[in-house]
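K.L.:
The structure is given below, and queries will be raised subsequently.
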DNA sequence: TCTGGGGTCCTAGGACCC
DNA sequence: TCTGGGGTCCTAGGACCC
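Numbering (this note's numbering), first residue to last: 4 to 432.
What follows is the structure, given as structure tokens:
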């Protein structure tokens, strides 16, 4: 039996945990540059504010109803997520951290010790709330896809008290019939449109599909597995997370600039900063990358025809996690992409092709130099951990401007980093 | 004026190999 | 004119997720 624990309106809930005055009011959290809505309180949803909507389009609504719009505070959310996941890890033999606000638990064999699983789930739910002030819903079912579906039903139907267990054919069928097909995990916009045109409008209808239909219309083997999972046959295993942190297969750092940029030095500053950040994340999970991609984007909402993005990739001669090396190659790729006279709005650096033990290969080429580089990188990470991200940087990051980097955007509505920054600790009193 | 960021998996086609 | 079969690796692109 799988359990899916999902935090309700996670970013808004994190903000409320430290600012109880936000309780009961319409609140939204904004994306980078205060651009789009990425989390909404129930009250904000009730006002008809859609997920992903740009703030400027709903400005009248926000002002009319006094909606609190907050900049995103990822230091806070990451820390709160760690607390929730740490507790969940203690409540089940295996835990998969699926995203910042969701986790799958394996509850195999747990009923024997803890009695009915829905009762156990209610305990977990109230304890998460007591410890962190974060509300959750929990879906329990024999497959991951059904656990997601149970979770969604529990969210929509307050009479269920935040927990739904699908442990019989009758209950499963009951749940399948009340979920629209577009809300099934793995059915996005394209597939939903296709299914509706075929007359399939509910999860129950999808569960009745033949394997051939699923394969033909829903992306081959992916669709076949989806339908099997709805029928109650597990196709997806739990992928336990090592001490709550995920080892990624790719690492990206991408940003829309605070304003459009046309100077090479300005964009280089951004790309070098992104490469540095990506290298830090890479070292934190102990990987070395063999593939480096840089992309540059122009305004995709303008009149210019697509493509709005161009990218360039290089296979590194030696896998590495060395910031200086990665910045050097990123600069070369940027040079290949750069078109003078073009105005860019966004850039990104992506690291791929990981292998373990990259450091060994590095030292093969530079028997003592490799170790020296490793020590330097460790020191760099330690300093940045102590004094804050970006305290110590390679020169290219600084670009032509000694002051604020021109690619950095606005975060005018950010709340303090209550839990992670010495200067912004929560004040009691 | 203002439109996020970071991931996953799968498929198809070409190059290349024996 | 005839001119195999099977495998791997790489890349691009599509669809989905939170």
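Where a beta carbon is used, it is the ideal one built from N, C-alpha and C, also for glycine.
#1: If you run the structure through DSSP and keep just helix, strand and coil, what is residue 421?
#2: Buried or exposed for residue 182, please, with buried defined as at least 16 other CB atoms from any protein chain shown within 10 angstroms of its CB.
#3: Going along the chain, which residues of its own chain have a beta-carbon closer than 8 Å to the beta-carbon of residue 64, five neighbours each way excluded?
#4: With H, G and I counted as helix, E and B as strand and the rest as coil, what does DSSP make of residue 43?
#5: Quick one: what's got a C-beta closer than 7 Å to residue 101's C-beta in the same chain, skipping five residues either side?
#6: Helix or strand or just coil, what does DSSP make of residue 95?
#7: On the DSSP bridge list, what partners appear for residue 59?
#8: Let me confirm a value: residue 361 is counted as buried when at least 16 other C-beta atoms fall within 10 Å, else exposed. Which label applies?
#9: Quick check: what's the CA-CA separation for residue 188 versus residue 355?
#10: Nearest CA to the CA of residue 262: which residue from 35, 325 and 171?
#11: Give the secondary structure of residue 304 by DSSP, where H, G and I count as helix, E and B as strand, and everything else as coil.
#12: Using CA atoms only, rank isn't needed, just tell me which of 322, 73 and 347 is closest to residue 303.
#13: Pull up the DSSP beta-bridge partners for residue 9, would you.
#14: Would you kindly report the start and end of the unbroken alpha helix (DSSP H) that includes residue 130?
#15: Are residue 40 and residue 58 touching if we call contact CB-CB under 8 Å?
#16: Mind listing, in chain order, the continuous beta strand (DSSP E) runs of no fewer than 3 residues lying wholly within the segment 159-194?
#17: Given a threshold of 16 other Cβ atoms within 10 Å of its Cβ, counted over all protein chains shown, does residue 202 qualify as buried or as exposed?
#18: For residue 250 and residue 97, what's the separation of their Cα atoms in angstroms?
#19: Quick check on residue 211: does DSSP put it in helix, strand or coil?
#20: Could you tell me how far apart the beta carbons of residue 167 and residue 178 are, in whole angstroms, since I believe they sit closer than 8 Å?
#21: Can you list, in chain order, the residues of its chain whose CB lies under 8 Å from that of residue 212, leaving out five sequence neighbours each side?
#22: For residue 159, which residues in the same chain have their Cβ closer than 7 Å to its Cβ, ignoring the five residues on either side in sequence?
#23: Rounding to the nearest angstrom, what Cα-Cα distance links residue 432 and residue 129 in this structure?
#24: Just to confirm the assignment, what range does the beta strand (DSSP E) spanning residue 358 have?
#25: Give me the Cα-Cα distance between residue 132 and residue 385, rounded to the nearest whole angstrom.
#26: By alpha-carbon positions, which one of 222, 200 and 10 ends up nearest to residue 137?
#27: I'd like the span of the alpha helix (DSSP H) that includes residue 115, first residue to last.
#28: Could you check whether residue 217 and residue 226 sit closer than 8 Å to each other, using their CB atoms as the reference points?
#29: Over the uninterrupted beta strand (DSSP E) stretch that includes residue 313, give me the two end residues.
P.N.:
Per the coordinate set shown:
#1: In the first chain, the residue the question calls residue 421 occupies position 418. Coil at residue 421, not helix or strand.
#2: Translated into the one-based positions of the first chain, residue 182 becomes position 179. Its Cβ being crowded by 16 or more others within 10 Å, residue 182 is buried.
#3: Position 61 of the first chain holds residue 64. Around residue 64: 50, 51, 52 and 70.
#4: What you label residue 43 is simply residue 40 of the first chain in a count that begins at 1. Residue state, collapsed to three classes: strand.
#5: Reading the first chain from its first residue, position 98 is the one you call residue 101. Cβ neighbours of residue 101 beyond the five flanking positions: 107.
#6: Here residue 95 corresponds to residue number 92 of the first chain, with the count starting at 1. DSSP places residue 95 in coil when its eight states are reduced to three.
#7: Residue numbering aside, residue 59 sits at position 56 when the first chain is read from its first letter. According to DSSP, which records beta bridges pairwise, residue 59 is partnered with nothing at all.
#8: In the first chain, the residue the question calls residue 361 occupies position 358. Interpretation of residue 361 is limited by its pLDDT of 42, a score under 50 that renders its predicted location unreliable; the figure taken from the coordinates is listed afterwards. Per the 10 Å Cβ criterion, buried.
#9: Here the question's residue 188 lines up with position 185 in the first chain. Here the question's residue 355 lines up with position 352 in the first chain. Straight-line Cα distance between these residues: approximately 26 Å.
#10: Position 259 of the first chain holds residue 262. Minimum Cα distance to residue 262 is reached at 35.
#11: In the first chain, residue 304 corresponds to position 301, counting from 1. In the structure shown, residue 304 sits in coil (DSSP, three-state: anything other than H, G, I, E or B).
#12: As a first step, residue 303 is located in the first chain; it is residue number 300 there, counting from the start. Closest option to residue 303, Cα to Cα, is 347.
#13: Working through the first chain from its first residue, we reach residue 9 at position 6. According to DSSP, which records beta bridges pairwise, residue 9 is partnered with 105 and 140.
#14: Your numbering for residue 130 matches position 127 in the first chain. Looking at the DSSP string, the run of the alpha helix (DSSP H) that includes residue 130 is 120-135.
#15: For the purposes of this step, residue 40 is taken as the residue at position 37 of the first chain. For the purposes of this step, residue 58 is taken as the residue at position 55 of the first chain. Taking 8 Å as the Cβ cut-off, residue 40 and residue 58 qualify as a contacting pair.
#16: 166-168
#17: Position 199 of the first chain, counted from the start, is the residue given in the question as residue 202. It counts as exposed.
#18: Start at 1 with the first residue of the first chain, and residue 250 comes out as number 247. Start at 1 with the first residue of the first chain, and residue 97 comes out as number 94. Roughly 16 Å separates the two Cα atoms.
#19: As a position in the first chain, residue 211 is number 208, starting the count at 1. Correct three-state label for residue 211: coil.
#20: Looking up residue 167 in the first chain gives position 164. Looking up residue 178 in the first chain gives position 175. At roughly 7 Å, the Cβ-Cβ gap stays under 8 Å, so residue 167 and residue 178 are in contact.
#21: The sequence position of residue 212 within the first chain is 209, counting from 1. Contacts found: 203 and 230.
#22: Here residue 159 corresponds to residue number 156 of the first chain, with the count starting at 1. Contacts found: none.
#23: Residue 432 sits at position 429 when you count from the first residue of the first chain. Residue 129 sits at position 126 when you count from the first residue of the first chain. In this prediction, residue 432 scores a pLDDT of 49, lower than 50, which makes its location untrustworthy; the coordinate-derived value is nonetheless stated afterwards. Whole-angstrom Cα-Cα distance: 26 Å.
#24: One-based indexing of the first chain puts residue 358 at position 355. First-last of the beta strand (DSSP E) with residue 358: 347-358.
#25: Position 129 of the first chain, counted from the start, is the residue given in the question as residue 132. Position 382 of the first chain, counted from the start, is the residue given in the question as residue 385. Each residue's alpha carbon lies about 33 Å from the other.
#26: Indexing the first chain from 1 puts residue 137 at position 134. The residue with the shortest Cα to Cα distance from residue 137 is 10.
#27: Against the first chain, residue 115 aligns to sequence position 112. Here the alpha helix (DSSP H) through residue 115 covers 114-117.
#28: In the first chain, the residue the question calls residue 226 occupies position 223. In the first chain, the residue the question calls residue 217 occupies position 214. Yes, the pair counts as a contact, with Cβ atoms nearer than the cut-off.
#29: As a working note, residue 313 is residue 310 in the first chain. Counting along the chain, the beta strand (DSSP E) containing residue 313 begins and ends at 312-323.
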